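Numbering (my numbering), first residue to last: 896 to 1645. Below is one structure, written out as structure tokens, with a few remarks after it.
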């Protein structure tokens, strides 16, 4: 089996075969063996043209040479079903709704629900039409098979469908419609369709949604499933609004049943807010739907791009605890030009990230996580998924907050639960009323279960934010999703749990420790790079130099800038990462004298700035201005260095007798440790422990610690941007913190 990390690669620009070769090889060299090809904003090739298929062919052939696997994506951007606008150009293939409002009762329309240039022809495809879906398959799936059929089932593993929905065209006073719906309703339920709407018949919505759901499944899900099965690949992806049962019902009908029909069912977990309200609803649903092919999750796309490896690793294991064994990581752009259209969130799984080498370690963790995903556990209680109740609520614009609270309370009281549909189980079942209120309180459930939690705090209380999964084979996963980093008792043993820590066993090795106190030399392996910010209509940014500073300005192509009222001349760019430099130009070296300088520009974007400044400096970022100074050349533990790229700390040290390793505390950066230029280990998450051979003991050795940042520092204070920008599309997950280099303490281990 190939490594379960699957990179969602956004095809941007017009990549040549040589560029594709270098890109895929960089993924391969960093532990990635599977790629999904994602037609997305920023692509400059006509979708489904011969040039498009030639580009896809280059990816497939090179992946075959590298022994990598490819997953296809079935549309341009999202949602699926439109073939990049080809389907909805045909009027009868546009999704329709019927009005239930008094003034327009019974009117059928296919009115657009979006004005975005991201999507098709401003209509949504009619996924309740068998002919429409046949045409969609003809435009996409059949065209791929015609050209690349010999790779299906070998190099090509599956096709991803993204957020198909029957609810896109519906406002609050309309419901999905297809020709003949009234007759089907009468035949199925022996009642009059329009009369039941007028009389507000209590069971109208459960009946009608069941009817529409079955039609959606037959016309869309089953057709795609059958096509993929017949062509020896997997149909995968996820449905719309899958994190909220009420809205999932509106957009996908009988959600659990329809999701379970996917050959490889999946969920959309791109926000990665581990302390979010709806996290557990999402995971409960995919666990229910998981089948013989496992399950998948789309992860991380809303960023932020400074998300730590520790948090990513924690999310992989949380997925595994809910039967998810394939992890689609979003997004890896060939270059970042798509940020001119999708402007407000950015995460990037490619070598633009200085810390991308840490993916090799994350890929190993993914293999372990996928192993745990295949284990079984015994629920202590079940929750009946409230499909019929949700169907009654879809016209009332009610969110599922009480349902979310129930699942969160169960989870953080360390009670093992599962969702069920209409089936019977030999265990306690929580039932929900018409407003999704459970028939048992959490205290009653705890009393009913009668089992003490595995993890408690120092006061003996159950801490909120700790996730525990106990498998039938006796193994345990403990995840600190959002509890404070602190000491807890794990099965009675006092144990330190760092935020986002993954604990697979509480049988940790015990070491004696001795702190290492010394001054390190600091080496910077690249220029610092940081953007200048032009918010809203502002066209001027300030740099304050505390000393004379050598700098280079980097300007987005087609976007000029002036330094102190003088235009900045530029040539080709060499300083930015691979996926950015072709989109930028840069100036010659410019000496900025001590004092304030004004740089004017405009048309700035959050993740595609107009102007960067680079050089051998430290940068203090204060709102939309920069203060530049010389970089530090020496370092003591506990200090903080804000910078970008790669930094190393080195010092000759006497390795103590009987020492067996080094521990570094107080960092979240991808870190490598060397003794006498020999790598003794690398880490991406707590605990950062690095072992070495006894032959080093008693000798003087050069200790070198290398750390790598994400790409995030070059975008400066995006939190400030979010708080002050006037317009935005979809706000990404908030930045985690200001990234910094350094560490709190270093210990010798004995």
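Ideal Cβ positions, reconstructed from N, Cα and C, are used throughout, including at glycine. Since this is a predicted model, take the numbers as computed values, not measurements.
Suppose you measure from the CA of residue i to the CA of residue j; what does that come to, to the nearest Å?
i, j, result
"residue 1459", "residue 1494", "6 Å"
"residue 1165", "residue 1553", "46 Å"
"residue 1314", "residue 1600", "47 Å"
"residue 1178", "residue 1299", "11 Å"
"residue 1133", "residue 1368", "31 Å"
"residue 938", "residue 1255", "28 Å"
"residue 1560", "residue 1214", "27 Å"
"residue 1241", "residue 930", "18 Å"
"residue 1195", "residue 1222", "10 Å"
"residue 1306", "residue 1499", "43 Å"
"residue 1589", "residue 1555", "6 Å"
"residue 1293", "residue 1055", "30 Å"
"residue 1107", "residue 1149", "9 Å"
"residue 1281", "residue 1338", "22 Å"
"residue 1377", "residue 1245", "27 Å"
"residue 1247", "residue 1046", "30 Å"
"residue 1602", "residue 1243", "19 Å"
"residue 1595", "residue 1643", "14 Å"
"residue 1026", "residue 932", "27 Å"
"residue 990", "residue 1534", "59 Å"
"residue 953", "residue 1505", "32 Å"
"residue 1334", "residue 1183", "21 Å"
"residue 1197", "residue 1234", "13 Å"
"residue 1482", "residue 1229", "24 Å"
If the criterion is Cβ atoms closer than 8 Å, does the pair residue i and residue j meet it?
i, j, result
"residue 1516", "residue 1408", "no"
"residue 1447", "residue 1480", "no"
"residue 1370", "residue 1331", "no"
"residue 1310", "residue 1276", "yes"
"residue 1609", "residue 1507", "yes"
"residue 1611", "residue 1634", "no"
"residue 1144", "residue 1104", "yes"
"residue 1585", "residue 1593", "no"
"residue 1181", "residue 1231", "no"
"residue 1091", "residue 1099", "yes"
"residue 1201", "residue 1631", "yes"
"residue 974", "residue 1071", "no"
"residue 1616", "residue 1541", "no"
"residue 1489", "residue 1443", "yes"
"residue 1366", "residue 1270", "yes"
Is residue i helix, strand or coil when you go by DSSP?
i, result
"residue 1346", "coil"
"residue 1428", "coil"
"residue 1183", "helix"
"residue 1101", "helix"
"residue 1109", "helix"
"residue 1625", "coil"
"residue 1178", "helix"
"residue 961", "coil"
"residue 1440", "strand"
"residue 1126", "coil"
"residue 1172", "coil"
"residue 1141", "helix"
"residue 912", "helix"
"residue 1146", "helix"
"residue 873", "The shown model of the chain, from 896 to 1645, leaves out residue 873, and the question about it has no answer."
"residue 1384", "strand"
"residue 1577", "strand"
"residue 979", "helix"
"residue 1416", "strand"
"residue 1642", "strand"
"residue 1093", "helix"
What are the partner residues of residue i, as DSSP defines its beta bridges?
i, result
"residue 1445", "1486"
"residue 1599", "1545, 1569"
"residue 1435", "1495"
"residue 1423", "1510"
"residue 968", "1055"
"residue 1160", "1132"
Does any residue of chain C have a CB that is nearer than 8 Å to the CB of residue i?
i, result
"residue 1590", "Of the protein chains in the structure, only one exists, and it is not chain C."
Cβ of residue i versus every heavy atom of the ligand NAD: is any distance shorter than 7 Å?
i, result
"residue 1286", "Among the ligands in the structure shown, none appear at all, so the ligand NAD cannot be discussed."
Whole beta strand (DSSP E) runs in the region 1194–1274 with 3 or more residues, listed along the chain?
Within the region 1194–1274, the runs of beta strand (DSSP E) at least 3 residues long that lie entirely inside it are, in chain order, 1221–1228.
Run through the region 1473–1528 for me and flag every whole beta strand (DSSP E) of 3 or more residues, listed as ranges in chain order.
Within the region 1473–1528, the complete beta strand (DSSP E) runs of at least 3 residues are 1479–1481, 1485–1487, 1490–1495, 1506–1510, 1513–1517, 1520–1524.
Secondary structure, alpha helix (DSSP H): runs of 4+ residues fully inside the region 1005–1061:
Those alpha helix (DSSP H) runs which fall completely within the region 1005–1061 and span 4+ residues are 1025–1034, 1036–1043.
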